[in-house]
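Q:
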Amino acid sequence: QVQLVESGGGVVQPGRPLKVSCVASGFIFSNYGIQWVRQAPGKGLEWLAVISYDGDDIYYADSVKGRFTISRDNSNNTVSLQMNNLRPEDTAMYYCGKDIYPYHTNGWTTVDSWGQGILVTVSS
Amino acid sequence: DIQMTQSPSTLSASVGDRVTITCRASQSIDSWLAWYQQKPGKAPKLLIYKASSLQSGVPSRFSGTGSGTDFTLTISGLQLDDFATYYCQHYDGLPVTFGGGTKVEIK
Chain V
13 QVQLVESGGG VVQPGRPLKV SCVASGFIFS NYGIQWVRQA PGKGLEWLAV ISYDGDDIYY
73 ADSVKGRFTI SRDNSNNTVS LQMNNLRPED TAMYYCGKDI YPYHTNGWTT VDSWGQGILV
133 TVSS
Chain L
4 DIQMTQSPST LSASVGDRVT ITCRASQSID SWLAWYQQKP GKAPKLLIYK ASSLQSGVPS
64 RFSGTGSGTD FTLTISGLQL DDFATYYCQH YDGLPVTFGG GTKVEIK
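First to last, the sequence lines map onto chains V and L. Take any residue in the first sequence, count from 1 to its spot, add 12: that is its number in this note's numbering. Take any residue in the second sequence, count from 1 to its spot, add 3: that is its number in this note's numbering.
1) Roughly how many angstroms lie between the CA atoms of L:Tyr90 and L:Lys42, to the nearest whole one?
2) For a contact meaning CB atoms closer than 9 Å, what does V:Gly20 contact in chain L?
3) At 3 residues or longer, and completely inside the segment 24 to 95 of chain L: list those beta strand (DSSP E) runs for me, N to C.
4) For V:Thr121, return the contacting residues in chain L, with the cut-off set at a CB-CB distance below 7 Å.
5) Taking Cβ to Cβ, would you say L:Val22 is nearer than 7 Å to L:Ile109?
6) Which class does V:Ser92 belong to by DSSP, given the choice of helix, strand or coil?
7) Helix, strand or coil for V:Phe80, going by three-state DSSP, please let me know.
8) Given a limit of 7 Å on CB to CB distance, which residues of the segment 52 to 71 of chain L reach chain V?
9) With three or more C-beta pairs closer than 8 Å as the rule, is the segment 66 to 84 of chain V touching the segment 15 to 28 of chain V?
10) Three-state secondary structure (DSSP) at V:Pro26?
11) Can you have a look at V:Lys110 and say buried or exposed, based on whether 16 or more other CB atoms are within 10 angstroms of its CB?
12) For V:Gly56 and L:Gln6, I'd like the C-alpha separation in whole angstroms.
13) According to DSSP, is L:Phe101 part of a helix, a strand, or is it coil?
14) Going along the chain, which residues of the segment 123 to 134 of chain V sit with their C-beta nearer than 9 Å to a C-beta in chain L?
15) Quick one: residues in its chain with C-beta nearer than 8 Å to the C-beta of V:Glu58, no 5 flanking neighbours on either side, listed in chain order?
Now the structure itself:
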């Protein structure tokens, strides 16, 4: 079955970087785009970024553009989110998710499976 | 950005009730709408995509309707397992955005 497992979260000081990763299994990883969303404590869902199946098309939310970088390694079924210059408002649970449709390139898609999430806390 | 507005924000209901949640988009999104269920401490679960298509494995008591700007999620015969928070999400362009959520509580 489809499985996505996030890792790399933790407590980080404001201004510092952190990289979270998502390892996938149970589907042909190289055929599907992967998205990241986050959820601040007690709040709703915020879309952050998407990377196409081949890594050629990448899109970001304005709130993280220039600070976050999404990348993928299809040989290791892994997507990463490098987060730089972290702010206290970046404190959230971060989820990666698999696009519902294969070979999608414009990012206009939804997710049919999410990982369990990883907590990132930005605090001094 | 397209704004998604859900109502109500909280809903109290009993087992067996028919429950309807509405979602309104700030501009037309055709049928590019998904509904998710989220329980505390868990990841969202896709229920409905393309406004009315039931995701595989989701009970048939869940249904979605609508197109353009107005959408509804209906739960026909609320079960104990359905008490959760529900989010709509559009994907007719970037950024994709979510509604603020509707918490379905036990009356």
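Glycine included, C-beta positions come from ideal geometry on N, C-alpha and C.
A: Reading from the atomic positions:
1) 11 Å
2) Within chain L, no residue comes near V:Gly20; the closest Cβ sits about 17 Å away, beyond 9 Å.
3) 36 to 41, 48 to 52, 65 to 70, 73 to 79, 88 to 93
4) Tyr94
5) Not in contact: L:Val22 and L:Ile109 (Cβ atoms no closer than 7 Å).
6) strand
7) strand
8) Tyr52, Gln58
9) no
10) coil
11) Note on V:Lys110: 16 or more other CB atoms within 10 angstroms of its CB, so buried under the neighbour-count rule.
12) Roughly 13 Å separates the two Cα atoms.
13) strand
14) Val123, Asp124, Ser125, Trp126, Gly127, Gln128, Gly129
15) Val49, Arg50, Gln51, Ala52, Ala73, Ser75, Ala104
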